[in-house]
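Notes follow once the structure below has been shown.
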Amino acid sequence: MIAQSQSVQSRGSAWHRRRAVEAWVLIAPVIVLFLIFFYGPVLFALYLSLCSWNGGVQPPEWVGLRNYQQIAVDPIFLRSLGNTVQYSLMTVIPSLSIGLLLALALNIEALKIMRFFRVVYFMPVITAPAIMAVVWRYLFQANNGLLNNVLMSMGLPPQLWILDVNQALPSIALTANWHRIGFVMVIFLAGLQSIPDVYYEAAKIDGAGSWDLFRHITWPLLTPTTLFLLITSVIATFQVFDSVRVMTMGGPLNATNVIVYYIFQNAFELFKMGYGSAIALILFAIILILTAIQFKVLGERVHYQ
Amino acid sequence: MSTSTALPGSRAPAATTGLSGILTRRVLPILPAVLLTLFSVIVIGPFFYMISVSLMAREEVMAFPTPLLPASFQFVNYPNAWTRIRFPVVLFNTAFVTVVTVGVGLFLQSLAAYAFARLHFRGRDLVFVGVLGTMMIPRQVIMIPVYIICAHWPLVGGNDIFGVGGRGLLNSYWAIIIPTIVGQSAFSIFLLRQSFMGIPQELEDAAWIDGASTWRVIFQLFLPLSVPVLATLTVLHFIGVWNDFLWPLIVINNPDLYTLTVAINILQGQFGITDWHIFMACTTLATFPVFLIYVFSQQYIIRGITITGMKG
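Just so you know, the sequences run in chain order A and B.
Heads up: the first sequence runs through residues 701 to 1005, numbered per the numbering used here.
Heads up: the second sequence runs through residues 210 to 521, numbered per the numbering used here.
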């Protein structure tokens, strides 16, 4: 078949116009859905945040910025904000550090071993956080839970875990770390494997030791990956909901109430839809600012070689 | 004695004698393997224990301390769990919602991706930015409005033309399906467009010359050439919808329509402290489908995650 490709340019303008119409037909469903189920709701959320509404028959009542003013001094909101920040730190820092460590360890193993461990470590990642949270709740049981049984068998005192005001949030963070570590490890592993061996070989010829190799080759070339993981982890941890709902319902005494859980409570349990929308928009602003900060402050130090 | 496959830098070490020598030559090389194995125990532990408890008898679960392994396998727990969680109903709900969301979603997303990749029309780039913009705003911002829109959708669920009076789309599969498709679309369209843009124009032109319709060009040329991306998207979205909890919790409170995640959560209270073995059987049943998918497609999942991860 020697048919020459007819260049698209040589088609008539009528053909192009018809294809332009076709294009709109092709994207119409997506556009309509986005307008009704995304951009419309965004505007609606902005409007709702300036109203007070219980979702019922009576229309929303305009209150201007009152919701935001109330949020600024709402002790539960401030507590949920603090909890979310703490939870994020307790999840992001360990999961990234240990994940990197595991990836480094895995990187030097033979291919088959590497694949095996990768599959194993990734298992928690694909499970539903809401379902594994139930299992973890069982492990955390103060009476006869596995963790306490193990502690006691080692002669250590049993803990209250999710029942304790101070231990509940770290316990949920522990579950989150367990869930995420495989993901972090896999991404770091991919990043490590994209570093050409020649760099290492050249450095070794120059007499570099393993710490030097890490500090001057591995770490700098991993910074894009690290930044990506950092940003996505922060965004994800700020949106935590499932495990909180399943394990503690925000308690004890709001010790584990996080921003998204508080939004849920306000909108769907207290029927304060305006207030809930305002909190949601604040969450959006927080995530936006945090992401921008990470990009600016850390983005400069990323090496893209 | 220098090797190039072990730890970076483990050529003939400077200290080969004494304690530091032993550390460097004997301990250091096996440290990674030890570390990996140790942590894998922690990672797998909960699954192992969940299955173990699911096979125990009530006396063992009530005993203090509960053993690590059952004395004998109480498989009878599973039919029990199957009924108590209404597994067939719940499984069907989850499967239906997931398959429709991913299937219809990918269909619409492919059409849009083709248009963005290959067609020229006014406003194309602006609209594409609008598509990408949906990835910037977290779903919690719109979850309240979308809930209200579903509740007041006209002419369904008992609503009149103004959307008043009934339940609207709430407590129906569509309340889950449609907003979820919207949430996934930006990612799919982005990746599919990327893939489509890599297909040579000559191939497409050849198809046009042969008189193909746009339909056939998309479904018989572009999509078959994008199978890896499609496979990755299918698996990632499938798992995402299957495991979703917050949204089904919000829009469904009819027990006949519960998905797996919602059912497990709602049933927590019913099991008390005496029936953990049954409840663990329930969670095992609930996680089993995802495990099955994982076993068969883990390379796609992991490859897909790393590719999208590397693209940052």
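Virtual Cβ for every residue (Gly too), placed ideally from N, Cα, C.
On a predicted model such as this, the values are computed, not experimentally measured, just so you know.
How many angstroms separate the CA atom of B:L237 from the CA atom of A:E901? In the second sequence, the residue the question calls residue 237 of chain B occupies position 28. In the first sequence, the residue the question calls residue 901 of chain A occupies position 201. Distance between the alpha carbons of B:L237 and A:E901: 20 Å.
Residues in the segment 791-807 of chain A with C-beta within 8 Å of chain B's C-beta atoms, listed in sequence order? When C-beta distances to chain B are compared with 8 Å, the residues of the segment 791-807 of chain A below that value are I798, L801, L802, L804, A805 and L806, in chain order.
With H, G and I counted as helix, E and B as strand and the rest as coil, what does DSSP make of A:S969? Walking along the first sequence from the start, residue 969 of chain A turns up at place 269. Just to set this straight, residue 969 of chain A is Glu in the shown sequence, not Ser. A:E969: coil per DSSP, three-state reduction.
Quick one: complete alpha helix (DSSP H) runs, 4+ long, within the segment 731-762 of chain A? Taking only runs of at least 4 residues, the alpha helix (DSSP H) segments lying wholly in the segment 731-762 of chain A are 740-749.
Using beta carbons (cut-off 7 Å, strictly below), is B:Y503 in contact with chain A? Translated into the one-based positions of the second sequence, residue 503 of chain B becomes position 294. With its beta carbon less than 7 Å from one in chain A, B:Y503 belongs to the interface.
Is the beta carbon of B:L494 less than 7 Å from the beta carbon of B:F296? Position 285 of the second sequence, counting from 1, holds the residue named residue 494 of chain B. Position 87 of the second sequence, counting from 1, holds the residue named residue 296 of chain B. In terms of Cβ geometry, B:L494 and B:F296 form a close pair [threshold 7 Å].
Got a sec: is the Cβ-Cβ distance from B:A321 to anything in chain A below 7 Å? Counted from its first residue, the second sequence places residue 321 of chain B at position 112. It does; some Cβ of chain A falls within 7 Å.
Closest residue to A:I831 among B:A322, B:F497 and B:T515 (Cα-Cα distance): For the purposes of this step, residue 831 of chain A is taken as the residue at position 131 of the first sequence. Ranking B:A322, B:F497 and B:T515 by Cα distance to A:I831 puts B:F497 first.
Indicate whether B:S397 and B:S435 have their beta-carbon atoms separated by less than 7 Å. By 1-based counting over the second sequence, the position of residue 397 of chain B is 188. By 1-based counting over the second sequence, the position of residue 435 of chain B is 226. Against a cut-off of 7 Å, the Cβ pair of B:S435 and B:S397 comes out as no contact.
Near-chain B residues of the segment 727-753 of chain A - C-beta to any C-beta below 8 Å: So the list reads I727, P729, V730, I731, L733, F734, I736, F737, F738, Y739, G740, P741, V742, F744, A745 and L748, given in the order they occur along the chain.
Where A:P760 and A:W753 are concerned, what is the direct C-alpha to C-alpha distance, given to the nearest angstrom? Your numbering for residue 760 of chain A matches position 60 in the first sequence. Your numbering for residue 753 of chain A matches position 53 in the first sequence. Just so you know, the alpha carbons of A:P760 and A:W753 end up roughly 5 Å apart.
Beta-carbon contacts of A:R880 that lie in its chain and below 6 Å, excluding the five residues immediately before and after: Position 180 of the first sequence, counted from the first residue, corresponds to residue 880 of chain A. S795.
Residues of chain B with CB closer than 7 Å to the CB of A:P824, please, in chain order. One-based indexing of the first sequence puts residue 824 of chain A at position 124. The CB of A:P824 comes closer than 7 Å to the CB of V252 in chain B, given here in chain order.
Supposed close pair A:P952, A:A868 - CB separation, criterion 8 Å: Position 252 of the first sequence, counted from the start, is the residue given in the question as residue 952 of chain A. Position 168 of the first sequence, counted from the start, is the residue given in the question as residue 868 of chain A. Between A:P952 and A:A868 the beta-carbon gap is near 6 Å, inside 8 Å, which marks them as a contact.
Run through the segment 938-1003 of chain A for me and flag every whole beta strand (DSSP E) of 3 or more residues, listed as ranges in chain order. Whole beta strand (DSSP E) segments, 3+ residues: zero.
Alpha carbon to alpha carbon, what distance is there between B:R512 and A:F817? Here residue 817 of chain A refers to the residue found at position 117 of the first sequence. Here residue 512 of chain B refers to the residue found at position 303 of the second sequence. A:F817 and B:R512: Cα-Cα distance of roughly 15 Å.
Please tell me whether B:Q393 and B:H329 are closer than 7 Å, where the distance is taken between their beta carbons. The residue you call residue 393 of chain B lines up with position 184 of the second sequence. The residue you call residue 329 of chain B lines up with position 120 of the second sequence. At a Cβ-Cβ threshold of 7 Å, B:Q393 and B:H329 do not count as neighbours.
Of all the options A:F984, A:L988 and A:V886, which has the alpha carbon lying nearest to the alpha carbon of A:L806? Taking the first residue of the first sequence as 1, we reach residue 806 of chain A at position 106. When only C-alpha atoms are compared, the closest one is A:V886.
Would you kindly report the start and end of the unbroken alpha helix (DSSP H) that includes A:M823? Here residue 823 of chain A refers to the residue found at position 123 when the first sequence is read from its first residue. Counting along the chain, the unbroken alpha helix (DSSP H) around A:M823 starts and ends at L811 to I826.
Spatial neighbours of A:Y962 within its chain, please: C-beta separation below 7 Å, excluding the five flanking residues on both sides. In the first sequence, residue 962 of chain A corresponds to position 262, counting from 1. The residues are I776, F777, S780 and I979.
Cβ closer than 8 Å: which chain A residues qualify as neighbours of B:L317? Residue mapping note: residue 317 of chain B aligns to position 108 of the second sequence, counting from 1. What B:L317 touches in chain A: P729, V730 and L733.
Backbone CA spacing between A:I987 and A:V944 [nearest angstrom]: Mapped onto the first sequence, residue 987 of chain A falls at position 287. Mapped onto the first sequence, residue 944 of chain A falls at position 244. Cα-Cα distance, rounded: 19 Å.
Could you tell me how far apart the beta carbons of A:V742 and B:V350 are, in whole angstroms, since I believe they sit closer than 8 Å? Here residue 742 of chain A refers to the residue found at position 42 of the first sequence. Here residue 350 of chain B refers to the residue found at position 141 of the second sequence. In this structure A:V742 touches B:V350 by the C-beta definition: roughly 7 Å separates them, less than 8 Å.
Interface residues of chain B facing A:Y821 [CB-CB closer than 7 Å]: Locating residue 821 of chain A in the first sequence gives position 121, where the first residue counts as 1. What A:Y821 touches in chain B, judged by beta-carbon distance under 7 Å, is S249 and V252, going in chain order.
Quick check on A:T784: does DSSP put it in helix, strand or coil? Residue numbering aside, residue 784 of chain A sits at position 84 when the first sequence is read from its first letter. The DSSP-derived three-state label of A:T784 is helix.
Pick helix, strand or coil for A:D864, following the three-state DSSP scheme. As a position in the first sequence, residue 864 of chain A is number 164, starting the count at 1. In the structure shown, A:D864 falls within a coil segment according to DSSP collapsed to helix, strand and coil.
Would you please verify whether the beta carbon of A:R717 is less than 7 Å from any beta carbon of chain B? Reading the first sequence from its first residue, position 17 is the one you call residue 717 of chain A. Cβ-Cβ to chain B under 7 Å: no for A:R717.
Under 7 Å between C-beta atoms, does A:G976 make it to chain B? Along the first sequence, one-based indexing puts residue 976 of chain A at 276. By this cut-off, A:G976 is an interface position.
Straight-line CA distance for B:L466 to B:W383? Counting from 1 along the second sequence, the entry for residue 466 of chain B is found at position 257. Counting from 1 along the second sequence, the entry for residue 383 of chain B is found at position 174. Straight-line measurement puts the Cα of B:W383 at about 11 Å from the Cα of B:L466.
Bounding residues of the alpha helix (DSSP H) (the contiguous stretch that carries B:Q410): The count along the second sequence starts at 1 and reaches residue 410 of chain B at position 201. Element bounds for B:Q410: Q410 to I418.
C-alpha gap between A:I993 and A:V730, whole angstroms: Locating residue 993 of chain A in the first sequence gives position 293, where the first residue counts as 1. Locating residue 730 of chain A in the first sequence gives position 30, where the first residue counts as 1. The alpha-carbon separation between A:I993 and A:V730 amounts to approximately 32 Å.
Counting only runs of 4+ residues fully inside the segment 882-917 of chain A, write out the alpha helix (DSSP H) ranges in chain order. Listed in chain order, the complete alpha helix (DSSP H) runs (minimum 4 residues) inside the segment 882-917 of chain A are 897-905 and 910-913.
Under 8 Å from the C-beta of A:G882: neighbouring residues of chain B: Here the question's residue 882 of chain A lines up with position 182 in the first sequence. The contacting residues are V252.
Could you give the distance in angstroms between the alpha-carbon of B:V426 and the alpha-carbon of B:G367? Taking the first residue of the second sequence as 1, we reach residue 426 of chain B at position 217. Taking the first residue of the second sequence as 1, we reach residue 367 of chain B at position 158. Their backbone Cα atoms lie some 42 Å apart in a straight line.
Please report how far the alpha carbon of A:P824 lies from the alpha carbon of A:S910, in whole angstroms. For the purposes of this step, residue 824 of chain A is identified with residue 124 of the first sequence, where counting begins at 1. For the purposes of this step, residue 910 of chain A is identified with residue 210 of the first sequence, where counting begins at 1. Per the coordinates, the alpha-carbon of A:P824 lies some 32 Å from the alpha-carbon of A:S910.
Among the residues of its own chain, which have a CB less than 8 Å from the CB of A:T937, if the five just before and after it don't count? Within the first sequence, residue 937 of chain A is the residue found at index 237, counting from 1. The answer, listed in chain order, is T784, Y787, S788, T791, V792 and A876.
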